[in-house]
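Data first, discussion second: the structure below is written as structure tokens.
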Amino acid sequence: MMPIITIDGPSGSGKGTLARRLAQHLGFHLLDSGALYRLTALAAQKQQIDLSAAEVADVAETLNVRFDAAGAAYLDEVGVDSVLRTEQTGAMASQIAARPDVRAALLARQRAFAQAPGLVADGRDMGTVVFPSASVKIFLDASAQIRADRRYKQLIGNGLSANLAALIEEIQARDDRDRNRAVAPLIPAPDALVIDSSHLTIEAVEAQMMDFIRAQGVV
Ligand code: C5P
4 MMPIITIDGP SGSGKGTLAR RLAQHLGFHL LDSGALYRLT ALAAQKQQID LSAAEVADVA
64 ETLNVRFDAA GAAYLDEVGV DSVLRTEQTG AMASQIAARP DVRAALLARQ RAFAQAPGLV
124 ADGRDMGTVV FPSASVKIFL DASAQIRADR RYKQLIGNGL SANLAALIEE IQARDDRDRN
184 RAVAPLIPAP DALVIDSSHL TIEAVEAQMM DFIRAQGVV
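All residue numbers for the sequence shown refer to this note's numbering, where the first residue is 4 and numbers rise by one.
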């Protein structure tokens, strides 16, 4: 069976960074599922489609996206990395992600990333919905304050503007929406290893994950 490692968790828990590092370390493919929700929201916005309209599911279904070898995203062949990671795009993604028809439209596209020699998939429902029989499931959490602080540093580091107090509020609002939605809510799979990264370095979290992956016999 092809090894699939899922890493779910809230925004700012470090799952994106850890998923990238694990994929690199293991030589596996990487799925950043949040990027697909973000790209769908950007595509809808570009086509001037209201984010609460049913047409957003058609946008998801027909999304013309591509990731280059360095992971940069292209929407209709136009590079969109500068807007992809903003908090505003994240909030739009979380709004459309609550729609069951949008989630269904993105399902096959996400599963297509599962290719040899293996996949590391990061998101909110990787272990619960998209890859329920994954070999290894991890749920990465951290306190809202620490996640906001990390996000702040990341945005500033990327040359974007940020306001810490506003970020905490935005992160909490996005978490509430992701955790409380009716479809694919953000919850750890019953068989997931839960790690709280609040007071751990990236290296320490990676070491815990690798121990768990080895214990499951994946490598
Ligand atoms: O992970 P990221 O912050 O890029 O995700 C943006 C938004 O997309 C999340 O807040 C969430 O609402 C949605 N999402 C989701 N399911 C996933 C990945 C992301 O609902 N698997």
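The C-beta atom is built at its ideal place from N, Cα and C for all residues, glycine as well.
As the structure is a computational prediction, the values presented were derived from the model and not from experiment.
- Remark: the C-beta of VAL86 is outside contact range of ligand 1, defined as less than 8 Å to any heavy atom.
- The three-state secondary structure of THR9, taken from DSSP, is strand.
- By the beta-carbon neighbour count (other beta carbons within 10 angstroms, threshold 16), ILE7 is buried.
- DSSP, reduced to helix, strand and coil, places PHE31 outside both helices and strands of the structure shown, so it counts as coil.
- In this structure, ligand 1 has a non-hydrogen atom nearer than 8 Å to the beta-carbon of TYR40.
- Note that the C-beta distance between GLN148 and MET5 is not below 9 Å.
- Rounded to whole angstroms, the separation of the alpha carbons of ALA56 and LYS18 is 30 Å.
- With a threshold of 8 Å, the Cβ atom of VAL123 does not count as near ligand 1, since no heavy atom of the ligand is closer than that.
- Burial state of GLY162 is exposed, judged by a 10 Å Cβ sphere holding fewer than 16 other Cβ atoms.
- In the pairwise beta carbon analysis, the region 122 to 142 is classified as not touching the region 69 to 79: fewer than three pairs are separated by under 8 Å.
- Note on geometry: alpha-carbon atoms of SER36 and ILE174 lie some 18 Å from one another.
- In this structure, DSSP gives ARG102 a state outside helix and strand, which the three-state scheme calls coil.
- Between the C-alpha atoms of VAL208 and PHE215 there is a straight-line separation of about 11 Å.
- Distances between the C-beta of ALA101 and the heavy atoms of ligand 1 include at least one below 8 Å.
- For VAL133, the Cβ falls inside the 8 Å cut-off from some heavy atom of ligand 1.
- In this structure, PHE116 keeps its C-beta atom at 9 Å or more from the C-beta atom of ASP11.
- Between the C-alpha atoms of ARG24 and LEU170 there is a straight-line separation of about 26 Å.
- According to DSSP, residue pairing for GLY82 in a beta bridge involves TYR77.
- SER14 is classed as buried because its beta carbon has at least 16 other beta carbons within 10 Å across all chains shown.
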